[in-house]
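Participant:
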Amino acid sequence: MKAAKKGKVVQYNKWGYIFLIPFMLVFVVFQLIPLVSTFYNSLFENYRSGLTQIGPTFVGLSNFKTILSNPDLWTYASNTMIMWVMGFVPQIIVSLLLGAWFSNTRLRLKGQRFFKTVIYLPNLIMASAFAMLFFTLFSDSGPVNSILIQLGILTEPYKFLSNVWSTRSLVAFMNFLMWFGNTTILLMAGMMGIDTSLFEAAEVDGATSTQVFFKITLPLLRPILIYVMITSLVGGLQMFDVPQILTNGTGEPMRSSMTLIMYLNKHLYSKNYGMAGALSVILFIITGILSMLVYKLSDNKARR
Numbered sequence: 004m005k006a007a008k009k010g011k012v013v014q015y016n017k018w019g020y021i022f023l024i025p026f027m028l029v030f031v032v033f034q035l036i037p038l039v040s041t042f043y044n045s046l047f048e049n050y051r052s053g054l055t056q057i058g059p060t061f062v063g064l065s066n067f068k069t070i071l072s073n074p075d076l077w078t079y080a081s082n083t084m085i086m087w088v089m090g091f092v093p094q095i096i097v098s099l100l101l102g103a104w105f106s107n108t109r110l111r112l113k114g115q116r117f118f119k120t121v122i123y124l125p126n127l128i129m130a131s132a133f134a135m136l137f138f139t140l141f142s143d144s145g146p147v148n149s150i151l152i153q154l155g156i157l158t159e160p161y162k163f164l165s166n167v168w169s170t171r172s173l174v175a176f177m178n179f180l181m182w183f184g185n186t187t188i189l190l191m192a193g194m195m196g197i198d199t200s201l202f203e204a205a206e207v208d209g210a211t212s213t214q215v216f217f218k219i220t221l222p223l224l225r226p227i228l229i230y231v232m233i234t235s236l237v238g239g240l241q242m243f244d245v246p247q248i249l250t251n252g253t254g255e256p257m258r259s260s261m262t263l264i265m266y267l268n269k270h271l272y273s274k275n276y277g278m279a280g281a282l283s284v285i286l287f288i289i290t291g292i293l294s295m296l297v298y299k300l301s302d303n304k305a306r307r
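First residue of the sequence shown? That's 4 in this note's numbering, and the numbers climb one at a time after it.
What follows is the structure in structure tokens.
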């Protein structure tokens, strides 16, 4: 009897492994092999000078030393983190507020499905379309400048795309618009999974809405908040399409909106595969370290 049960378990396990095969094939072909080949290419000098192909010549860690000693790397890294923080902070605040409102049964908000759909819609719009729209709206002769001049707020067009902080703010605002809907849905799902008896008990004890939110809702949302923060951080480090289109790939003004992936793209465009591979590996390591730091810091706060 036991042997028969064991045979059934083994048979069921077999189907589990079979269903894992498509995932493993996709992972190996599209993730593992490119990752290994990128690290391999980073160890070679391989670029094109005019019509002459230089390399591939094995140079070890020379590409890494060249990139890490280049001050531009740290400038572009700070640009990336500044624009990510400027977009993520309002994103998480607005998403928490909207999630709390929509998941609060006492408010009995009408038309919730409609508003949830509207909130999520910007996430479905291509980043390139968003960037082109904002480029048109905030150009020197665009509608925004025309309206501000007609209202008497400005006497001459404001050069949004020629000012460091206005350009960064536009990039951050676009990222906020594209992703706050997705974050709201995730946080709202987490809030709806919290046992309602906890809220009822707090209400009976005389707790205010603010106390309930900070003492019950936020602590129980910690796993989802960590997930949102790490995925947003990874997405922020990969920021490319919005600043690339908005600034026509220049990262102007004064390269203040040049991101790490735009810097990587310049190496790929010039066919400097060794430097591009080294920069990709550095980005991979930075992403892993920052993600681990976020997780550890959040875990330590939860234990306290």
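Backbone N, C-alpha and C define an ideal beta-carbon position, used for all residues, glycine too.
Given this structure, state the Cα-to-Cα distance separating Val231 from Phe47, to the nearest angstrom.
Facilitator: So the alpha carbons of these two residues sit roughly 37 Å apart.
Participant: Going by beta carbon distance, what residues of the same chain come within less than 6 Å of Gly280, once the five residues before and after it are set aside?
Facilitator: Hits under 6 Å: Thr41, Asn44 and Ser45.
Participant: Identify the continuous alpha helix (DSSP H) that holds Asn44 and give its terminal residues.
Facilitator: Unbroken alpha helix (DSSP H) run through Asn44: Ile36 to Asn44.
Participant: What does a CB cutoff of less than 7 Å around Pro256 pick up in its chain, not counting 5 residues either side in sequence?
Facilitator: So the qualifying residues of the chain are Ser165, Asn166, Val167 and Thr170.
Participant: Answer with buried or exposed for Ile285, where buried requires no fewer than 16 other C-beta atoms within 10 angstroms of its C-beta.
Facilitator: When all chains shown are included, Ile285 counts as buried.
Participant: Which residue spans inside the stretch 51-110 form an unbroken beta strand (DSSP E) run of at least 3?
Facilitator: Entirely contained in the stretch 51-110, the beta strand (DSSP E) runs reaching 3 residues are, in chain order, 55-61.
Participant: Since Val174 contacts Ile233 with CB under 8 Å, what's their CB separation in whole angstroms?
Facilitator: Not confirmed; about 21 Å, so no contact.
Participant: List the whole-angstrom C-beta distance separating Thr78 from Gly239, where the pair is believed to meet the contact cut-off of C-beta under 8 Å.
Facilitator: With 8 Å as the limit, Thr78 and Gly239 do not qualify as a contact, their Cβ atoms being about 16 Å apart.
Participant: Of all the options Lys274, Asp208, Phe243 and Tyr272, which has the alpha carbon lying nearest to the alpha carbon of Met265?
Facilitator: Of the candidates Lys274, Asp208, Phe243 and Tyr272, the one whose C-alpha sits nearest the C-alpha of Met265 is Phe243.
Participant: Go to Pro226, then tell me how far its alpha helix (DSSP H) extends in each direction, as first and last residue.
Facilitator: Run containing Pro226: Arg225 to Leu240, per the alpha helix (DSSP H) assignment.
Participant: Starting from Lys119 and walking both ways along the alpha helix (DSSP H), at which residues does that stretch end?
Facilitator: It spans Gln115 to Tyr123 - the alpha helix (DSSP H) in which Lys119 sits, taken as one unbroken run.
Participant: For Ser172, tell me which candidate among Phe22, Tyr123, Ile152 and Val88 has the shortest Cα-Cα distance.
Facilitator: Of the candidates Phe22, Tyr123, Ile152 and Val88, the one whose C-alpha sits nearest the C-alpha of Ser172 is Val88.
Participant: Looking at the structure shown, is Asn268 part of a helix, part of a strand, or coil, going by DSSP?
Facilitator: Note: Asn268 maps to helix in three-state DSSP.
Participant: Could you check the C-alpha separation between Pro25 and Ile229 for me, to the nearest Å?
Facilitator: Taking the straight line from one Cα to the other gives about 29 Å.
Participant: To the nearest angstrom, report how far apart Pro74 and Leu221 are at their CA atoms.
Facilitator: The straight-line gap from Cα to Cα measures roughly 40 Å.
Participant: What residues are listed by DSSP as bridge partners for Glu323?
Facilitator: Residue 323 falls outside the range modelled here, since the chain spans only 4 to 307, and no answer is possible.
Participant: Does DSSP put Glu203 in a helix, a strand or coil?
Facilitator: The answer is helix: DSSP assigns Glu203 an H, G or I state.
Participant: Pull up the distance between the alpha-carbon of Phe68 and that of Ile36, whole angstroms please.
Facilitator: Note that residue 68 corresponds to Lys in the displayed sequence, not to Phe. Approximately 24 Å between the Cα atoms of the pair.
Participant: State the DSSP-derived secondary structure class of Pro222, mapped to helix, strand or coil.
Facilitator: Correct three-state label for Pro222: helix.
Participant: With H, G and I counted as helix, E and B as strand and the rest as coil, what does DSSP make of Asn275?
Facilitator: In this structure, Asn275 counts as coil in the three-state DSSP scheme.
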